[in-house]
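Note sheet for the following structure.
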Amino acid sequence: MALAMGMVAGCGSQSTSSQGSSGDNGSTIKIGADLELTGGQASYGTSALKGIQLAAEEINNAGGINGKKIEIVQADDSSKPEESTRAAQKLISQDKVVAIIGTSTSTNTLAAVQVVQDKKIPMITPTATNAKVTVNNGKVNSYVFRACFIDPFQGSVMANFATQNLKAKTAVVYIDTSSDYSKGLAKSFEDTFKKNGGQILSEESYQQNDSDFKVVLTRIKERNPDVIYVPGYYNEVGKIVKQAREMGIKAPFMGGDGWDAPQLVDIAGKENLNNTFISNHYAADDPDPVIQKFVSAFKTKYGSAPDGFAVLGYDAMNMLADAIKRAGSADPSKIRDALEATKDFKAVTGTLTLDQNHDPIKAATILEFKDGKEVFKTKVNPQ
Amino acid sequence: MDYIIQQFINGISVGSIYALIALGYTMVYGIIKLINFAHGDVFMIGAFVSFYAVTLLHLGFIPSLLISMAACALVGVIIERTAYKPLRNASRIAVLITAIGVSFLLENGGIFAVGAQPKGFPELIHKTQYTIFGNVTIDSIQIMILAVTVILMILLQYIVHYTKIGKAMRAVSYDMEAARLMGINVDSTISATFAIGSALAAAAGVIFGMTYNSIDPLMGIIPGLKAFVAAVLGGIGIIPGALVGGLVLGVLETAVSSVGYSLWRDGVAFAILILILIFKPSGLFGKNVREKV
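Chains A and B, in that order, give the protein sequences. Just so we're aligned: 699 in the numbering used here is position 53 of the first sequence, and the numbers increase by one with no gaps anywhere. Just so we're aligned: 192 in the numbering used here is position 186 of the second sequence, and the numbers increase by one with no gaps anywhere.
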């Protein structure tokens, strides 16, 4: 009990001291990072944070923005929407950040949208791809921006790829019903695939943290589709692919950027991932010099290759820095106006311009897994 | 027809994991009337111990299984000695709440110790697919789980009914005070119960890791709850009931998913729990015994 009291007291004194220092905003610009640092989607958040920190370090080494250094204040949302809301509130009211980067998944970002709208603090999500993040009931969320393309684009890219490159006529869609991301990708995939003359044989569903998928996979095997689209996250997808291959399902699997995590290969097994394709934001083996420069800087700092989340974290930080520079001030509403005017910004994932919905217009990359490695397949530009 | 049989086999293989966890649950309840909510988390610890035994010490399946069972037996005894023994004479609800507390402690302690990200479990035994007839397949691990569960159940029945420690357990479950008067060491009997129950949970954890290739500190929650439903379904405290309850639950869940209602699967599991508690609270194998006043 005495220990608990001590901890409470400790917290109290800490928060007052941090408030004290934030009152003096003269030498640094505080930017919040509301990310999945623990929990089921921790791989995404930690990757994004590495990218953000690399970008901040480069900016600071080059003299900062308008003479001020960037300070990243991180907050963990434990991969839960309610924690993401709380983290955003803490960053704004306690740490007094001028802008937030986060979160890395759509569900958690959607939870924080109302907070930043109310407090009028601009937020850039590096990787949340659900359409609703920036546009709610036809109305643009004025303070929310993103650095990645959106689900309708990602889903339809994969549907076109299935029809044109894989010559698929039939597909089964297997959705994580606990995720807005998964549902968003699935819908646009289905729409485009049907428009291309394909047939959706059935739509199956699972939930986060499921571990046995054999029952539904047996159903899918019965239908014998040309392709199976699983727009989910790596933990479940890894198990699905492994169990499917063991049951003798040979059809190609396809997914989105949620597959992009090193753990996927451990869980699914290298050979089981052969003949699977995903849409992603970039490929580490893309010969583009901008990408290669970033990849080598990242490898020097962290000793590993950056995944899609790391590169988008990096892009989001640079987009924000660019906007602050153009705004000429660290005032949140001025940053917001500058962000809205982002045009032909040179990001690692491609040159981007924000459209009227605050969504970037840029290319998607399709990757194929070969013996556990992601191999650059093709780049698809928006129509 | 092939489809139905294949789904039935899927159901049995899911159900035998529930049954394996339920054996430990039901045993602890049978002896000291405690619903040990931390049981699912001991199952998680078992999976992690064998994961590290395999990846760090490069041991094979049998040695890593034995290490993990021994480690969890110890964990079980420590939990009992530190969390439940001081409450031996407290009300049942106080012990139940403590069990929930221990469960949270193990889950969050696990996140603190190994991180929250799922880890890929190495393939210890190569899976071989057998085609029984037509398109119906079964793999070596599915057969192994069912075999291990049945063997452990028989072994437990033997221990409880034919050994000295088993006799002591039954005496303690019948009347703790009278057992003490008869010279039975109640504390060591209860510790032995926890050691056996936790070792069973560890075995289930290792097998779960091998089957699904992904382990994380929160992996014990859902299987733990399902095993609880299975134990209640079979009649909590009755060892063969745990096996039957687990298999019935697995097959029912599979039936629900296989006709296209996979979202209703967990709902059905808990609906069964509610129906059992309303219509036959003592479970499928239970007799109606009035509580002593």
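Every residue, glycine too, gets a C-beta built ideally from N, C-alpha and C. Every value quoted in this text rests on a predicted model; they were computed, and no experiment measured them.
Problem set entry | Buried or exposed (CB count within 10 angstroms, at least 16 for buried), Asp670 of chain A | Residue placement at Asp670 of chain A is flagged as unreliable, the pLDDT there being 40, under the threshold of 50; a coordinate-derived value is accordingly withheld.
Exercise. Using a Cβ-Cβ cut-off of 6 Å (strictly less than) and excluding sequence neighbours within five positions of Gly733 of chain A, which residues of its own chain qualify?
Worked result: The question names Gly, yet the displayed sequence has Ala at residue 733 of chain A. Result list for Ala733 of chain A: Asp680, Ala721, Asp723, in chain order.
Exercise. Taking C-beta to C-beta, are Leu985 of chain A and Ala967 of chain A nearer than 7 Å?
Worked result: no
Problem set entry | For Val876 of chain A and Phe839 of chain A, the rounded distance between their alpha carbons | 14 Å
Problem set entry | Residue from A:Thr809, A:Glu836, A:Pro978, A:Ala758 with nearest C-alpha to Pro898 of chain A | A:Thr809
Problem set entry | Alpha-carbon to alpha-carbon, Ser70 of chain B and Glu882 of chain A | 26 Å
Problem set entry | Where Asn62 of chain B sits in the DSSP three-state scheme | Note that residue 62 of chain B is Leu in the sequence shown, not Asn. Three-state DSSP puts Leu62 of chain B in coil, outside helix and strand.
For this session: Using the Cα positions of Gly289 of chain B and Ile282 of chain B, report the straight-line distance between them to the nearest angstrom.
Result: 7 Å
Problem set entry | Reduced DSSP secondary structure (H/G/I, E/B, other) of Ile68 of chain B | helix
Exercise. Given 8 Å as the limit, is there contact between the region 235–245 of chain B and the region 862–877 of chain A, that is, 3 or more CB pairs closer than that?
Worked result: no
For this session: May I ask you to list the residues that DSSP assigns as paired with Thr143 of chain B?
Result: B:Thr137
Exercise. Whose C-alpha, out of B:Cys78, B:Ile37, B:Ile144, B:Ile160, is nearest the C-alpha of Phe49 of chain B?
Worked result: B:Cys78
Exercise. Within the 7 Å Cβ cut-off, does Leu112 of chain B reach chain A?
Worked result: no
For this session: Return helix, strand or coil for Ala40 of chain B, following the three-state DSSP convention.
Result: Just to set this straight, residue 40 of chain B is Leu in the shown sequence, not Ala. Reduced to three states, the DSSP call for Leu40 of chain B is coil.
Exercise. Touch check for the region 953–960 of chain A and the region 13–24 of chain B: three-plus C-beta pairs under 8 Å?
Worked result: no
Exercise. In chain A, which residues lie with their C-beta within 7 Å of the C-beta of Gln123 of chain B?
Worked result: Ala688, Ser689, Gln909
For this session: Return the bridge partner residues of Leu998 of chain A from the DSSP annotation.
Result: A:Phe991
Problem set entry | Ser667 of chain A in three-state terms, based on DSSP | In this prediction, Ser667 of chain A has a pLDDT of 39, which is less than 50 and means its spatial position is unreliable; what the coordinates show is noted afterwards. In this structure, Ser667 of chain A counts as helix in the three-state DSSP scheme.
Problem set entry | Proximal chain B residues relative to Tyr852 of chain A, where beta-carbon distance stays under 7 Å | Ser268
Exercise. By how many angstroms is the C-alpha of Lys293 of chain B removed from the C-alpha of Gly252 of chain B?
Worked result: 19 Å
For this session: Could you check the C-alpha separation between Ala89 of chain B and Ile117 of chain B for me, to the nearest Å?
Result: 21 Å
For this session: Please classify Ala655 of chain A: is it buried, with 16 or more other beta-carbons within 10 angstroms of its beta-carbon, or exposed?
Result: Confidence is the limiting factor: at Ala655 of chain A the pLDDT is only 41, short of 50, which leaves the residue's position unreliable, though a coordinate-based value still follows. Exposed, because fewer than 16 other Cβ atoms sit within 10 Å of the Cβ of Ala655 of chain A.
Problem set entry | Within chain A, the residues that Lys133 of chain B reaches when beta carbons sit closer than 8 Å | Glu892
Problem set entry | Same chain, Cβ closer than 8 Å to Ser834 of chain A, neighbours up to 5 away in sequence not counted | Asp797, Pro798, Phe799, Gln800, Gly801, Ser802, Ala805
Exercise. Rounded C-beta distance between Asp903 of chain A and Ser925 of chain A? I'm assuming under 8 Å.
Worked result: 7 Å
Problem set entry | Glu1020 of chain A, DSSP secondary structure in three states | strand
Exercise. What are the boundary residues of the alpha helix (DSSP H) that Asn114 of chain B is part of?
Worked result: 98–120
Problem set entry | Straight-line Cα distance separating Ile738 of chain A from Ser97 of chain B | 46 Å
For this session: Give a yes or no on whether the minimum CB-CB distance between Val60 of chain B and chain A is below 7 Å.
Result: no
Exercise. Among A:Ala987, A:Asp983, A:Pro952, which one has its Cα closest to the Cα of Leu700 of chain A?
Worked result: A:Pro952
For this session: Figure out for me which residue from A:Ala745, A:Thr731, A:Asn1003 has the closest Cα to the Cα of Tyr754 of chain A.
Result: The residue you asked about is not Tyr; residue 754 of chain A is Asn in the sequence shown. The shortest Cα separation from Asn754 of chain A among A:Ala745, A:Thr731, A:Asn1003 belongs to A:Thr731.
Problem set entry | Rounded separation between Gly273 of chain B and Ile23 of chain B - CA only | 19 Å
Problem set entry | Range of the contiguous beta strand (DSSP E) that encloses Val873 of chain A | 873–875
Exercise. Can you list, in chain order, the residues of its chain whose CB lies under 8 Å from that of Ile895 of chain A, leaving out five sequence neighbours each side?
Worked result: Leu863, Ile866, Lys867, Ile874
Problem set entry | Close-in-space but distant-in-sequence residues of the same chain around Lys715 of chain A (CB under 8 Å, 5 per side omitted) | Ser673, Thr674, Ile675, Asn706
Problem set entry | Collapsed DSSP secondary structure at Thr816 of chain A in the structure displayed | strand
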